[in-house]
Amino acid sequence: MAVDWREYAKGVEKQLDQLRRDLEPLESGRMRLGEREGSGAWRDVTQEAIDRNKQVIATYEAILKDVRENRIKD
Numbered sequence: 100m101a102v103d104w105r106e107y108a109k110g111v112e113k114q115l116d117q118l119r120r121d122l123e124p125l126e127s128g129r130m131r132l133g134e135r136e137g138s139g140a141w142r143d144v145t146q147e148a149i150d151r152n153k154q155v156i157a158t159y160e161a162i163l164k165d166v167r168e169n170r171i172k173d
């Protein structure tokens, strides 16, 4: 089964768009994330979520770059 690299790239682009939209309210401070273990105190995990999201974005950008440079033939 052949892979349609253009369609694959479009899917990656859509994922990147969503990841960037998800990141914006965290970075702007409009949204915070937290966690609590059992009945313990709430712990802010916003920066961890930002860092993780940025790492995923960088990975997707590298995948997209590779697909565009090495897979899509004009």
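Residue numbering for the sequence shown is 100 to 173, as defined by this note's numbering.
Ideal Cβ positions, reconstructed from N, Cα and C, are used throughout, including at glycine.
Note that the coordinates shown come from a computational prediction; the quantities given were computed from them, not determined experimentally.
Nearest to residue i (by Cα), restricted to the options the options
i, options, result
"tryptophan 141", "Glu147, Ala148 and Gly133", "Gly133"
"arginine 151", "Trp104, Ala108, Glu106 and Asp121", "Asp121"
"alanine 161", "Val111, Ala101, Val102 and Met100", "Val111"
"aspartate 116", "Asn169, Leu163, Arg167 and Glu168", "Leu163"
"glutamine 146", "Lys113, Thr158, Val102 and Pro124", "Pro124"
Chain-order list of residues whose beta-carbon lies under 8 Å from that of residue i (same chain, five-residue window excluded)
i, result
"arginine 119", "Ile156"
"isoleucine 171", "Trp104, Arg105 and Ala108"
"valine 144", "Leu132, Gly133 and Glu134"
"lysine 153", "Leu122"
Counterpart residues of residue i in DSSP-defined beta bridges
i, result
"glutamate 134", "Arg142"
Collapsed DSSP secondary structure at residue i in the structure displayed
i, result
"glycine 110", "helix"
"isoleucine 171", "coil"
"aspartate 174", "Outside the shown range of the chain (100 to 173) lies residue 174, about which nothing can therefore be said."
"arginine 120", "helix"
"arginine 175", "The question about residue 175 has no answer here: the residues shown for the chain are numbered 100 through 173."
Residues of its chain near residue i, where Cβ-Cβ distance is below 7 Å and the 5 sequence neighbours each way are ignored
i, result
"glutamate 126", "Ile149"
Below-8 Å beta-carbon distance, residue i vs any chain B residue
i, result
"serine 127", "Among the protein chains of the structure shown there is no chain B, as only one such chain exists."
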